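Chain order of the listed sequences is C and A.
Per this note's numbering, the first sequence starts with residue 971, numbered consecutively.
Per this note's numbering, the second sequence starts with residue -8, numbered consecutively.
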Amino acid sequence: KLVGDTKDEL
Amino acid sequence: MNIFRLAGDMTHLASVLVLLLKIHTIKSCAGVSLKTQELYAIVFATRYLDIFTSFYSIYNTLMKLIFLGSSFSIVWYMRYHKTVRRTYDREQDTFRHWFLVLPCLLLALLIHEKFTFLEVLWTFSLYLEAVAILPQLVLLQRTRNIDNLTGQYVFLLGGYRGFYILNWIYRYLTEPHFVHWITWIAGLVQTLLYADFFYYYFQSWKNNKKLQLPA
């Protein structure tokens, strides 16, 4: 889910 | 990572560095809203709680530390530094920003993607960031004389969210499952709040006159 997740955004 | 998001992060970084530079070099925070800075410190504190639990990339972690460090040090300067604190116009910066925190918290408890502690606080930080600039915009309208560093700060801050909207459009078009209504709507509301500031900023820049916001 991390790939499509916005959690990789600041 | 795409060019829009990188441009957004760099613009956001520039906005906090412009502000820190202003406060550190001229030892003055005239025209800067402490309320907005406190709201931003809360935004970063509640958004980056996962900094210890989930590692995504060096860049991601480094930028989180920079944003946390800069927002808290700006608040520290404005509250406790003997010279800077005297230049804070407390009478003008009267926006009751706690009235922004509670509705954002309630909204995050109602509308979120997952009902977990981290996710609710992360969603809260999105809603709070959307409105965090309000005390600063109110202060700018009150003090009317906008020195160009504060104007640049608000301009860059608005620009960063504008780049993020382009980033979300790009990711929606290129990544099949990338749909995040909460992030998109909060980000759009935030950018719209800057719209009138942008209008007056460009007017003053085009006519090469001092930036004056209407009362």
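Ideal Cβ positions, reconstructed from N, Cα and C, are used throughout, including at glycine.
The structure presented is a predicted model; accordingly, all values stated were derived computationally and were not measured.
Legend entry - Backbone CA spacing between A:Tyr225 and A:Phe63 [nearest angstrom]: Given that chain A is displayed from residue -8 to residue 206, the structure contains no residue 225 of chain A and the question cannot be resolved.
Inset, instruction - Kindly indicate which three-state DSSP category A:Ser61 falls into: helix, strand or coil? - result: helix
Inset, instruction - Verify whether the separation of the beta carbon atoms of A:Arg162 and A:Phe169 is less than 8 Å. - result: A contact, by the Cβ cut-off of 8 Å.
Legend entry - Whole-angstrom C-beta distance between A:Thr174 and A:Leu117, which should lie under 8 Å: 6 Å
Inset, instruction - Answer yes or no: do A:Phe35 and A:Leu4 have a C-beta to C-beta separation smaller than 8 Å? - result: no
Legend entry - Of the listed residues A:Arg87, A:Gln127 and A:Lys73, nearest to A:Leu10 (C-alpha basis): The shortest CA-to-CA distance from A:Leu10 to any of A:Arg87, A:Gln127 and A:Lys73 is the one to A:Gln127.
Legend entry - Close-in-space but distant-in-sequence residues of the same chain around A:Leu202 (CB under 7 Å, 5 per side omitted): Ile137, Gly142, Tyr191, Tyr192 and Ser195
Inset, instruction - Could you give the DSSP three-state label for A:Leu24: helix, strand or coil? - result: One point to set straight first is that residue 24 of chain A is Ser, not Leu, in the sequence displayed. Of the three classes helix, strand and coil, the one that applies to A:Ser24 here is coil, per DSSP.
Legend entry - Cβ-based burial, A:Arg77 [other Cβ within 10 Å; buried from 16]: exposed
Legend entry - Sufficient close CB pairs (3 or more, under 8 Å) joining the segment 66 to 84 of chain A to the segment 11 to 29 of chain A: Touching, per the Cβ criterion.
Inset, instruction - Under 7 Å Cβ to Cβ from A:Ser61, same chain only, skipping five residues before and after it: list those, please. - result: Val7 and Leu11
Inset, instruction - Just the chain C side, please: which residues come within less than 7 Å of A:Lys13 by C-beta, in chain order? - result: In chain order: nothing, as chain C lies at least about 22 Å away.
Legend entry - Contact set between A:Asp0 and chain C, taken where Cβ atoms lie within less than 8 Å: Leu980
Inset, instruction - Determine contact between the segment 143 to 153 of chain A and the segment 92 to 100 of chain A, defined as no fewer than three beta-carbon pairs at a distance below 8 Å. - result: no
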